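FYI, UniProt numbering numbers position 11 of the sequence shown as 11, with every residue one higher than the one before it.
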Amino acid sequence: MNFETLQSFAAQSPLLSLAFAGLTVAIIVNEIARLFRGYKPLNPAGLTHLINTENALVVDLSAAGDFEKGHIAGSKNVAPSQFDPENKLLASARQLPVVLVCRNGQASGTAAKRLKKAGFEQVYWLDGGIGSWQAADLPLVKGR
């Protein structure tokens, strides 16, 4: 494909070209915003490293029943409805790395944003949630 072919396509399909340009701009803006948001996604290996080297606090936002079925060893369960940056468990960990975990990575990303706005310095979330942890063949603990 050369530039002339691309110009011809754009002239023949202005709506598709406009949609493509709009999507490209949206992706670029999203990625730039992601770089500056202040909280970072972690993969399972990164979480393991933080737990082992920096005594990270792992907060699992799963429902109590899901938490009992399987959670990361040492994680603390806080229901999403009771999640508050001023919670005594969290307030004492403002200087520590705090990693938020949920079943699929959605609730933990939202909670990470709240912690960062509340002044926590090192905020992370497990990208993909417990599902990514299991996909990496890492163990889960059952019970409380």
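Glycine residues also receive a C-beta, built at the ideal position from the N, C-alpha and C atoms.
Bear in mind the structure is a predicted one, so any value in this text is a computation, not a measurement.
{"query": "Could you have a look at residue 25 and say whether DSSP puts it in helix, strand or coil?", "result": "helix"}
{"query": "Can you list, in chain order, the residues of its chain whose CB lies under 8 Å from that of residue 10, leaving out five sequence neighbours each side?", "result": "17"}
{"query": "Count the other CB atoms within 10 Å of the CB of residue 82; is the residue buried (16 or more) or exposed (fewer)?", "result": "exposed"}
{"query": "So, at 8 Å on beta carbons, what are the nonlocal neighbours of residue 50 in its own chain, with the 5 sequence-adjacent residues on each side left out?", "result": "42, 56, 97, 99 and 124"}
{"query": "From residue 138 to residue 39, what distance separates their C-alpha atoms?", "result": "23 Å"}
{"query": "Report the partner residues of residue 77 according to the DSSP bridge assignment.", "result": "60"}
{"query": "Rounded to whole angstroms, what is the Cα-Cα separation between residue 104 and residue 77?", "result": "15 Å"}
{"query": "Assign residue 93 to buried or exposed, taking buried as 16 or more other Cβ atoms, counted over all protein chains shown, within 10 Å of its Cβ.", "result": "buried"}
{"query": "For residue 112, is the classification buried or exposed, using 16 other Cβ atoms within 10 angstroms of its Cβ as the cut-off for buried?", "result": "buried"}
{"query": "Looking only at C-alpha atoms, which of 80, 142 and 132 sits nearest to residue 107?", "result": "80"}
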